[in-house]
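**Student:** Numbering-wise, the numbering used here comes out as the position in the sequence shown, counting from 1, plus 206.
Positions of the beta carbon are idealized from the N, C-alpha and C atoms, including for glycine.
Everything numeric in this text was worked out from a predicted model, so none of it was measured.
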Amino acid sequence: MPPAIPLATYRLQLTADFDFDRAAAVVPYLKALGITHLYTSPVMKARKGSTHGYDTVDHSQFNPELGGEAGFARLSEALTRHDLGLIIDFVPNHVGVHFADNPWWLDVLEWGQASPHAVSFDIDWDQLAFRARGGVLLPILGASYGEALESGDIELRYDPNEGSFSAWYFEHRLPIAPERYGEMLRMIVKEADAAETEAGKRLLSLAARYTGLRRPNRKEAPGFKAELKEIAGSADIIARGLGAYRAAKDRPAQTLALHHLLERQHYKLGHWRLASSDINYRRFFDVNGLAGMRVEDPGTFAATHRLVKQLIADGKLQGIRLDHIDGLRDPAQYCQRLRRLVRDAQGTTKPFYTVIEKILCEHERLPHFAGVQGTTGYEWMNAITHVLVDPKGLEALDETWRQISNRPPRLAPYVKDAKRRVLETLLTSEFTVLTRLLARIANGHYSTRDFSADSLRQALELYVLHFPVYRTYLTTSAPTANDRKLIDDTIEAARQEWFAADEGIFDFLRDALTMDLLKPGRPPHSAPRVRRFALKVQQFTGPMMAKSLEDTAFYQFHRLLALNEVGGDPASKGLTIPAFHETMQARAREWPQGMTATATHDTKRGEDARARIAALSEIPGEWTSAVARWKVLNAPHLALDGNLRAPSATFEYMLYQTLLGAWPLGESAEAGFVARIQAYALKAAREGKEETSWLNPHEAYENGVKSFIAKILDPAQSGEFLEALQTLARRVALLGALNALSQLTLKATLPGVPDFYQGTEFWDLSLVDPDNRRPVDFSARHAALGTLDNPDWNHLIKSWPDGQLKLAWARHLLKLRNELSDVFARGDYQPLQVRGAHADHVVAFARRHGRTAAIVIVGRHFAPFTQAGREWPALDEADATIDVTSYSMPGFAGNDLPLAQALRGFPASVIPARPVDAAKPVRQRTRA
């Protein structure tokens, strides 16, 4: 049996092209590598053609495109055969909607609030403007509603197999409410001139039997549909009669008939651009096709987790990764329910590995949730990067960025501006729902009714602009001290920018956010509304921060792209070694079993591309000079037209960093490299929302960027630039490879569970998705692993560009983790003192459990030892020794371990050791 808590996980992205059987074929390789748990992308039924699985449409069955239940069984058998556990990525927050594949969503469209599934979706039914009846806005049209209607793109169809009617807009199915079937049948029979036929009479008789409001109702509708499809000849009459609803520009009566029918449904069709301002269901961020789920509803939770529970009970699932935990109304309640489900399924004899996707901002601490071992590891990825960058170089890069951008190297103004942009464009509708709810609360008592809706909107906007993290974690009870302080501090920051008369509006907002409005002795306000407001604000601030920080500011602030990572701080000053040790000691105490990631499907660039770019902090002068020269060389390739400059100066600076990070290890770019950079640049430019955006693409700017990239990467047009780029790229590649090996060593030895993203055991120079989801050549990796049973490290170092050095080192580290499992899984973390002139180039610590330990020594800032990246590091002259007084190691008898002896020409080392009994006399210090 695999251990309950993984020793190492390996993430696979499952798709129709890489299904359960393809994953099963990789299992022997993962076992040989030293992995204990396979960790997959979502496995439940997703939208057809999904490349990621996060658009689940049915939680109750396996994705048929991955092989369905039979394919999963084969994967499970392979895992059992090789003694590997399984962790799946699970999506509780949202599901894929629209189209014609989500049965719950289709039922809600057909029955509105009468659907038993209506409670499962977070819909504000009464928010539709100029509509007497409640409904849900469907922003699926590619043109205005009027244009789509008159063009005939919205078509009414009959399904003779179901006895049901639906409107269709291309691939989108829009069920017609059965209460409208009677009037439709009468019009259809009339249009088909079939009133005197036997089938026509039976259709009219059926329609006449269900008169009155809302009939046929939900109980009667199945019988109505069954009788309808059994009427001989009905399908032919209906096919002819549907012409009464066949809209076209030259058919005004039929167009109006279809329009009136659609207006009396439980939904309202609209142009996709309406989503930002008018949508009335909670989405995943600003994705219209992903609707938020109310898993706080017990029935919804039980139904969506039934398959998970069965897999746990059958022993086929050993862990779960919870996607977007911050989207949930009450994550604490959700985790408690999940823990109860796990205990019901497997008992309490062993832990069930549970990690959450949670992005922590700087200095934010993770709340404790029931049954949760930790996060997926973004915060530890950033800690590793921050300790590997050179803080002195960051100071120089501050000045470089100041000169290029004409702005101070401070992130906060970028984030605040981005939040304003997101509020005005992407998430306006969600914000409007909150402000209307707040206004209704204020209007509910005479003491607060004079707070105007506009003033409340401005006050709430200031609060959101200044809110510094993703969310608070209030429940229906009082806020924690930490959440209360966070709200209080944000309110005070917002109050400082309020120029109108205050008159208590911020006190009212604060009390609504903390639910203090409901305290005894306070003026009475609607308790359901206050609780709904406070908890919905929490669900809003997360997407707000994500879209503003990760998906906007990260694509504007380019001082050093290695720091622009999920959960990271692009303006970071780096992490000192003592601060790093302190962070890891706290982790060993509080979250020793969470994941440690260095690459995921969501990271902004591959782990080794990031390690390369981090190395620029070691040679800031050369980098700045190179950029200045490249800008001159490439100036003729800029697209200039009036005020248009493509790319912008800051975007050009970003491109040069990207090229160094992703540059192939051969002498020239491989086929497809130019297209990859162009695709990345298009996404980066649109995400940055400066010169272009997803909502309003600027075609001239985008074409200018595309042309610029093609020209500067064309040897015929930019030979001098490419020669200079390749010269620096070779050096940065070596420094980056050394950084990457240090990064890998830290990931594998720090407290936590190291997670390996697919394919990253070779050099990972990928860009943001979808580039980082390209197919992986596992046969090449498996074949290479077979030759590395007894690695020749000197030979591997000489041929380091082929990636086998990284693979061999990863296997070596995982072998140590398996051999010293208690040390790495349960051991404490003890910093080791380093002395000497080069002490700042060494991160040294011990992992210790009982009478067993491991000494970990990791180098950093290799430029001085490599002639700034021109040769493999020569560490013989390094003046640094590690104090190992409390440990004994085979082949070493002293207390001060010289760095050169510890590393032996490698950038990192892990040495098995034994703690020295404190009761024994301490040996005299001797030089090795």
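So, are the CB atoms of residue 588 and residue 800 less than 8 Å apart?
**Tutor:** no
**Student:** Does the beta carbon of residue 255 come closer than 8 Å to any beta carbon on chain B?
**Tutor:** You won't find chain B in this structure, because it holds only one protein chain.
**Student:** Tell me, which residues are paired with residue 331 by DSSP?
**Tutor:** Looking at the DSSP assignment, residue 331 forms no beta bridge with any residue, so it has no partner.
**Student:** What are the start and end residues of the beta strand (DSSP E) that includes residue 216?
**Tutor:** 215-218
**Student:** Identify the continuous beta strand (DSSP E) that holds residue 670 and give its terminal residues.
**Tutor:** It is not in any beta strand (DSSP E) - residue 670 instead sits in the alpha helix (DSSP H) that spans 659-672.
**Student:** Apart from the five residues on each side of it in sequence, which residues of its chain come closer than 7 Å, Cβ to Cβ, to residue 984?
**Tutor:** 232, 235
**Student:** Determine the DSSP secondary structure at residue 1092, reduced to helix, strand or coil.
**Tutor:** coil
**Student:** Three-state secondary structure (DSSP) at residue 370?
**Tutor:** strand
**Student:** Just verifying my parser: in three-state terms, what is the DSSP assignment at residue 361?
**Tutor:** Strand at residue 361.
**Student:** Given that a residue counts as buried once 16 or more other Cβ atoms are within 10 Å of its Cβ, and exposed if not, what is residue 1176?
**Tutor:** With the chain covering only 207 through 1134, there is no way to say anything about residue 1176.
**Student:** Give a single yes or no on whether residue 413 has its beta carbon closer than 7 Å to a heavy atom of the ligand ADP.
**Tutor:** By its list of ligands, the structure shown contains no ligand whatsoever, and the ligand ADP lies outside what it can speak to.
**Student:** Is residue 572 helix, strand or coil by DSSP?
**Tutor:** coil
**Student:** Starting from residue 1036 and walking both ways along the beta strand (DSSP E), at which residues does that stretch end?
**Tutor:** From DSSP, the beta strand (DSSP E) with residue 1036 extends over 1034-1037.
**Student:** Which class does residue 951 belong to by DSSP, given the choice of helix, strand or coil?
**Tutor:** Note: residue 951 maps to helix in three-state DSSP.
**Student:** Out of 418, 858, 814, 808, which one is the CA nearest neighbour of residue 918?
**Tutor:** 858
**Student:** Would you kindly work out how many angstroms separate the C-alpha atoms of residue 782 and residue 529, rounded to a whole number?
**Tutor:** 32 Å
**Student:** Does residue 209 come out as helix, strand or coil in the three-state DSSP assignment?
**Tutor:** coil
**Student:** Given this structure, state the Cα-to-Cα distance separating residue 950 from residue 1115, to the nearest angstrom.
**Tutor:** C-alpha separation (whole angstroms): 11 Å.
**Student:** Roughly how many angstroms lie between the CA atoms of residue 748 and residue 677, to the nearest whole one?
**Tutor:** About 6 Å.
**Student:** According to the Cβ coordinates, are residue 550 and residue 326 closer than 8 Å?
**Tutor:** no
**Student:** Could you tell me if residue 682 is buried or exposed, where buried requires 16 or more neighbouring beta carbons within 10 angstroms of its beta carbon?
**Tutor:** exposed
**Student:** With a 10 Å radius around its C-beta and 16 neighbouring C-beta atoms as the bar for buried, classify residue 569 as buried or exposed.
**Tutor:** exposed
**Student:** Decide if residue 1126 is buried, meaning its Cβ has at least 16 other Cβ atoms within 10 Å, or exposed.
**Tutor:** The predicted model places residue 1126 with a pLDDT of 48, which falls under 50 and marks its position as unreliable; any figure quoted below should be read in that light. The residue in question, residue 1126, is exposed, as its Cβ has fewer than 16 Cβ neighbours within 10 Å.
**Student:** Taking Cβ positions, are residue 771 and residue 591 nearer each other than 8 Å?
**Tutor:** yes
**Student:** Going by beta carbon distance, what residues of the same chain come within less than 8 Å of residue 482, once the five residues before and after it are set aside?
**Tutor:** 492, 631, 632, 633, 634, 635, 901
**Student:** So, with DSSP's three-state summary, where would you put residue 1134?
**Tutor:** In this predicted model, residue 1134 has a pLDDT of only 33, less than 50, meaning its place in the structure is not dependable; the value taken from the coordinates is given anyway. Coil.
**Student:** Which class does residue 518 belong to by DSSP, given the choice of helix, strand or coil?
**Tutor:** Here DSSP, grouped into helix, strand and coil, assigns residue 518 to helix.
**Student:** In the DSSP assignment, what residue or residues form a beta bridge with residue 1117?
**Tutor:** 1061
**Student:** Distance, Cα to Cα, residue 629 vs residue 750?
**Tutor:** 8 Å
**Student:** Please report the straight-line C-alpha distance between residue 209 and residue 665, rounded to a whole angstrom.
**Tutor:** 51 Å
**Student:** From which residue to which residue does the beta strand (DSSP E) around residue 1102 run?
**Tutor:** 1102-1104
**Student:** Given this structure, state the Cα-to-Cα distance separating residue 219 from residue 407, to the nearest angstrom.
**Tutor:** Cα to Cα, residue 219 sits roughly 57 Å from residue 407.
**Student:** Rounded to the nearest angstrom, what separates residue 1133 and residue 1099 at their Cα positions?
**Tutor:** Low confidence applies to residue 1133: its pLDDT is 36, below 50, so where it sits in the model is not reliable, and the reading given next is rough at best. So the two alpha carbons sit approximately 9 Å from each other.
**Student:** Give the secondary structure of residue 864 by DSSP, where H, G and I count as helix, E and B as strand, and everything else as coil.
**Tutor:** helix
**Student:** Where are the beta strand (DSSP E) runs, 3 residues long or more, that stay fully inside the segment 894-977, in chain order?
**Tutor:** 959-963
**Student:** Going by the DSSP bridge assignment, what does residue 767 pair with across the sheet?
**Tutor:** Answer is none; residue 767 lacks a bridge partner.
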